[in-house]
Each structure stands twice: as structure tokens, then as C-alpha cells.
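These protein sequences, in sequence, are chains S and C. Heads up, the first sequence is in full-length UniProt numbering, so the first residue is 1 and it goes up one at a time. Heads up, the second sequence is in full-length UniProt numbering, so the first residue is 1 and it goes up one at a time. Just so you know, even glycine gets a beta-carbon here, dropped at the ideal spot from N, CA and C. It should be emphasised that the depicted structure is a prediction, and the values quoted were computed from it without experimental measurement.
There are 2 protein chains.
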Amino acid sequence: MSETEETAKKPAQRRTGRRPGGADTRGAVLEAARSEFAARGYERSSMRGIARVAGVDAALLHHYFGSKEQLFLAALDFPIEPGQVVQLVLSGEPSERGERLARFVLALWEQPEVLDRLLAVLRTAVGSEQIAQVLREFMVGELIVRLAAELGGDQAELRAELVLSQIIGLAVARYVIRAEPIASATADELVPFLGATLQGYLGN
Amino acid sequence: MSETEETAKKPAQRRTGRRPGGADTRGAVLEAARSEFAARGYERSSMRGIARVAGVDAALLHHYFGSKEQLFLAALDFPIEPGQVVQLVLSGEPSERGERLARFVLALWEQPEVLDRLLAVLRTAVGSEQIAQVLREFMVGELIVRLAAELGGDQAELRAELVLSQIIGLAVARYVIRAEPIASATADELVPFLGATLQGYLGN
DNA sequence: CACGAAACTCAACGCATGGTGAATTCAACT
DNA sequence: AGTTGAATTCACCATGCGTTGAGTTTCGTG
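Right, dumping it as C-alpha cells:
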């Protein structure tokens with residue numbers, strides 16, 4: 001772990017000053033940040049660690065993003081429209097809503113960029129009341145009210161949150177705890193069970 | 001029961017040396033540690049912070065427990081027998097297993113000592129691969145194999161883990177994110193839905 | 001009542017962290 | 001070719017961390 005001087009591989013004596021060639025260093029920093037935040041959450045990730053992964057001095061992150069917090073926000077920049085998702089899932093045959101939602105969620109998580117951001121938010125929210133509050137406001141304000149409005153019926157909000165709780169629990173078991181066999185199960189293996197549960201919450 | 005610090009009333013110049021009166025300082029430290037670990041997880045909790053809550057010098061924690069890691073383990077010391085739980089839940093009318101399990105879990109979480117330890121483990125596992133591994137081994141080795149063995153049928157392990165995933169997700173939504181209305185819902189409101197889901201996983 | 005051991009605090013160490021300001025190198029536009 | 005500004009690193013700073021060793025006070029036993 002100690003590399004002060006010459007290692008045979010890449011001592012890579014970085015010089016000071018601007019680098020030759022128009023490499024996308026800023027993009028590399030963002031990528032490294034996403035990977036680190038996804039792996040450890042906000043608090044456990046360090047500017048120096050991210051800089052090391054990006055192959056860059058830590059001061060450069062401040063040059064680009066100002067502070068650790070702003071780097072975190074820049075690395076997240078969520079690319080999903082909650083309204084559309086709700087519409088998409090609730091359209092079509094009502095008896096197949098659960099299955100459709102299950103398929104949608106599982107497919108979403110197979111995109112690495114989406115998964116990285118999800119894990120970053122999850123890991124951070126679990127460790128930080130501040131981010132937990134952001135997540136709570138997003139969940140309730142953007143997702144639950146929309147879902148519950150379309151759903152109607154008795155205790156619509158509660159049922160909508162139970163939907164989310166099962167989705168969150170699956171994410172934790174599958175990607176954080178990584179317990180087998182649930183971590184390696186395919187979408188097709190999970191959909192029958194997960195779909196039935198979600199269907200049960202969505203409507204009788 | 002929470003008697004914390006931060007009253008302006010306590011300049012209280014603590015003196016050096018052993019305190020008069022046989023107060024249970026060690027117990028106070030353990031209690032403070034549980035509270036802090038539950039609130040923040042392992043990494044975000046600091047020895048100094050725990051000591052402050054306990055009204056004690058940080059060096060005393062080392063005197064008693066040796067290291068932060070050993071304090072964490074001592075603060076956990078889980079008082080639940082997984083084998084008994086599985087037996088208890090699976091006994092009786094099979095069509096009511098889901099409901100019985102739901103009631104059991106919700107009642108368990110209403111005990112503050114249990115909830116604190118659960119949150120400490122959860123928050124720490126989500127931030128630390130090492131603890132996540134411990135949790136994974138406990139889940140799979142102690143709970144899943146027992147549950148799956150009693151369950152039988154197709155994909156018993158997968159179904160057993162889905163049971164746990166719903167329970168974990170509920171804990172996260174209710175106690176970590178604290179989204180309403182799920183955070184304030186009573187056990188009686190949750191049991192019909194939760195029981196049905198668990199019943200679906202356990203076996204029709 | 002003496003005395004050793006346990007309980008408890010103080011001061012300090014070495015280290016990692018987030019952040020800052022200046023210096024150096026390169027690219028782009030006159 | 002010359003200049004300007006962005007990109008990049010370096011050398012620090014202050015802070016908080018876990019941990020340690022020594023010193024002080026009280027308890028429990030004889």
C-alpha cells in the first residue's frame with residue numbers, strides 16, 4: 001500500500017500544470033465520485049480517495065466542484081421522471097400492474113449508472129439524517145402522492161408506501177447485503193413473486 | 001429514559017480520579033454507545049461523541065472495551081435465538097403464518113433495545129462491506145436455511161429471502177426514512193397487508 | 001488504617017480529513 | 001509570437017479522529 005518512490009509499473013510522476021491532450025478529466029472525476037459514493041456512501045468516501053481513483057490531485061476536485069457536498073450533488077443528477085414512471089406503470093390492464101412494475105424496476109437496476117446512483121443515495125440516506133430527509137420528501141412528495149392519487153381506495157398512501165418498502169428491501173437484500181440466492185436471481189425468477197406482492201398492495 | 005448532556009447547567013468541572021458512589025458507568029457507556037450507533041452507524045459515531053453522551057472521558061471507553069470495534073460488539077450482544085423464532089412462526093395453522101410473522105416482527109420493533117440494535121446493524125452494514133458480510137452470513141446461515149428447510153417446496157431459499165427483504169424494506173421505510181404514513185401506522189393497520197405478502201412468500 | 005487495584009481524567013501522539021492559495025503548465029485566441 | 005486564462009499540482013492549515021500512558025481519586029480487602 002505504500003508507494004513513495006519508484007514502483008516498476010506506473011510511478012507516473014505527475015507533473016504540475018495543465019495536461020497535454022484534451023482528456024475529459026472532469027468526467028473522470030465524476031465517474032470516480034459515482035463509483036466511490038455508490039460503494040461507500042457520502043461520509044465514508046473521501047475527496048482524496050475519489051481523487052486517487054480518478055488519478056488526480058484532490059485540490060482539483062475543489063477547483064471543479066467547490067466542495068465535497070457539491071461534488072456529491074453533481075455526481076447524482078438524477079435522470080428519471082417520477083411522473084412518467086407512475087403513468088407508465090399504471091397504464092394498461094390493472095390486473096398486470098404488479099408484474100409490470102416489478103419488471104420495470106428490475107430492468108432499471110440492470111443499468112449500471114442507475115444502480116450506482118441508487119446505491120449512493122441509499123447508502124448515504126441510511127447514514128445521514130439530512131439526506132434521509134431529502135429522500136423522504138422525494139418519496140412522499142413525488143412518488144407516493146402520485147401513486148396514491150391514481151390508486152384511490154382505502155389507505156392508498158399506506159399501500160403505496162408498502163410498494164416502495166418492498167422495492168427498497170429488495171434493493172438492500174440484492175445489492176447491499178448481497179445474500180444468495182436473491183442477489184443472483186434473474187428478473188424472470190423474481191417477477192412472479194415480486195409482481196404478486198406489488199399487485200396485492202396496488203389493488204385488490 | 002434518555003438523560004443526555006448539553007444542559008447549560010452543567011459546568012460541573014469533572015474531577016480526575018474514581019467517582020464516589022457506585023454508579024454503573026460502564027452501563028451508561030454501553031447505553032450511550034447503542035444510542036449513537038443506532039443513530040449514526042459505526043463509522044459516523046465517534047468515541048468522543050459516545051463519551052460525551054455518557055458524560056465521561058473518551059479514554060475511559062478504551063479502559064473498559066479496548067477499542068471502538070470491541071465497544072461496537074459489546075453494545076450489540078444480540079439477545080435473540082433465531083431457531084426459536086422460526087419454530088414459533090411456523091407452528092400453528094399454516095394459513096396464518098404470514099400474519100403471525102408480521103405481528104411478531106412489529107412487536108419486536110416496539111422494544112427500544114431491540115430497535116436500537118437493529119438500526120445499529122442496519123446503518124453499519126449499509127456503509128461497511130465488512131459488517132454487510134457478517135449480516136449476510138447471519139441471514140443466510142441462521143435464518144434462511146432454517147426457514148427454507150421448514151418451508152420446503154419450490155425455490156424455498158429464494159422465497160425465504162423475499163420474506164426477509166420485505167421485512168428489511170419495512171424497517172428502512174419506517175425507521176430510517178421515516179416516511180409517513182408508514183412510520184406512524186400501527187401494527188394493526190400494517191398486519192393485513194404485510195401478513196398477506198409474507199403469507200404469499202411462505203407458501204400458498 | 002494501610003494499601004493495592006480499579007475507576008477515572010488529562011495531555012498528547014500520529015494520522016486522515018476537507019479546504020485554500022500560490023505556482024506551474026498547457027491551450028486558445030489574437 | 002504573445003498573452004490570457006483554464007487546468008493541474010504542491011505545500012500547507014485547522015480540525016477531528018482513535019489511541020496511549022501517566023497521573024489522580026476512590027473502593028474493597030486485610
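#1: Is the distance from the Cβ of C:Ile177 to the Cβ of S:Gly169 below 9 Å?
#2: State the CB to CB distance for the pair S:Ala75 and S:Leu30, rounded to an integer number of angstroms; the pair is presumed to be in contact (CB under 8 Å).
#3: Under a three-way DSSP split, which group does C:Phe78 fall into?
#4: Tell me where the alpha helix (DSSP H) around C:Asp116 begins and ends.
#5: List the whole-angstrom C-beta distance separating C:Gly41 from C:Arg117, where the pair is believed to meet the contact cut-off of C-beta under 8 Å.
#6: Give the C-beta separation of C:Ala132 and C:Ala148 to the nearest angstrom, bearing in mind that I take them to be a contact with Cβ-Cβ under 8 Å.
#7: Looking only at its chain, what residues have a beta carbon closer than 8 Å to the beta carbon of C:Glu3, apart from the 5 residues adjacent to it on each side?
#8: So the alpha helix (DSSP H) C:Tyr42 belongs to, where does it begin and stop?
#9: Distance check for C:Arg97 and C:Phe78, CA to CA, integer angstroms please.
#10: Taking DSSP as the reference, what is the three-state secondary structure of C:Pro192?
#11: Quick one: residues in its chain with C-beta nearer than 6 Å to the C-beta of C:Leu194, no 5 flanking neighbours on either side, listed in chain order?
#12: Using a Cβ cut-off of 9 Å (strictly closer), state whether C:Pro181 contacts chain S.
#13: Could you name the residues of chain S that C:Ile80 contacts, counting a contact when the two beta carbons are closer than 8 Å?
#14: For S:Val163 and S:Tyr201, what's the separation of their Cα atoms in angstroms?
#15: Could you tell me whether the segment 138-145 of chain C touches the segment 134-143 of chain S, using the rule of 3 or more Cβ pairs below 8 Å?
#16: Taking the straight line between their C-alpha atoms, what separation do you get for S:Ser67 and C:Ser45?
#17: Between the beta-carbon of S:Leu115 and the beta-carbon of S:Tyr175, is there less than 9 Å?
#18: Spatial neighbours of S:Val89 within its chain, please: CB distance less than 8 Å, with the 5 preceding and 5 following residues excluded, ordered by chain position.
#19: How many angstroms separate the CA atom of S:Ser128 from the CA atom of S:Val56?
#20: In whole angstroms, what separates the C-alpha of C:Ala156 from that of S:Ala125?
#21: Determine the contact status of S:Leu151 and S:Gly92, defining contact as a CB-CB distance below 9 Å.
#22: On the DSSP letters alone, give me the boundaries of the alpha helix (DSSP H) that C:Met47 sits inside.
#23: Output, in sequence order along the chain, the residues in the segment 149-170 of chain C whose CB is closer than 8 Å to any CB in chain S.
#24: Taking only the alpha-carbon atoms, compute the straight-line gap between C:Gly153 and C:Ala196 and give it to the nearest angstrom.
#25: Contact criterion: CB-CB distance below 9 Å. Does C:Val176 meet it with respect to chain S?
#26: By the criterion of Cβ-Cβ separation under 8 Å, what are the contact partners of C:Ala132 in chain S?
#27: Within 9 Å (strictly less), CB to CB, does S:Tyr64 reach chain C?
#28: Among residues of its own chain, excluding the 5 on either side of S:Ala120, which ones have a beta-carbon nearer than 6 Å to its beta-carbon?
#29: Take C:Glu189 as the anchor and find which of S:Ala171, S:Ile182, S:Leu158, S:Gln199 has the nearest alpha-carbon.
#30: How many Å lie between C:Val53 and C:Gln130 at the Cα?
#31: For chain S, check one thing: does any of its Cβ atoms lie closer than 9 Å to the Cβ of C:Ala59?
#32: Please list, in chain order, the chain S residues whose beta carbon lies closer than 7 Å to that of C:Ala196.
So, to answer that:
#1: no
#2: 6 Å
#3: coil
#4: 112-127
#5: Not quite, the Cβ-Cβ distance comes to about 12 Å (not below 8 Å), so this is no contact.
#6: Rounded, the Cβ-Cβ distance is 21 Å, inconsistent with contact.
#7: Low confidence applies to C:Glu3: its pLDDT is 39, below 50, so where it sits in the model is not reliable, and the reading given next is rough at best. Answer for C:Glu3: no residue qualifies.
#8: 25-44
#9: 25 Å
#10: helix
#11: Ala102
#12: yes
#13: Simply none; closest approach about 18 Å.
#14: 6 Å
#15: no
#16: 23 Å
#17: yes
#18: Arg97, Arg100, Leu101, Phe104
#19: 28 Å
#20: 32 Å
#21: no
#22: 47-54
#23: Gln155, Glu157, Leu158, Arg159, Glu161, Leu162, Leu164, Ser165, Gln166, Ile167, Ile168, Gly169, Leu170
#24: 19 Å
#25: yes
#26: Val176, Ile177, Arg178
#27: no
#28: Phe37, Ala38
#29: S:Leu158
#30: 27 Å
#31: no
#32: Gly200
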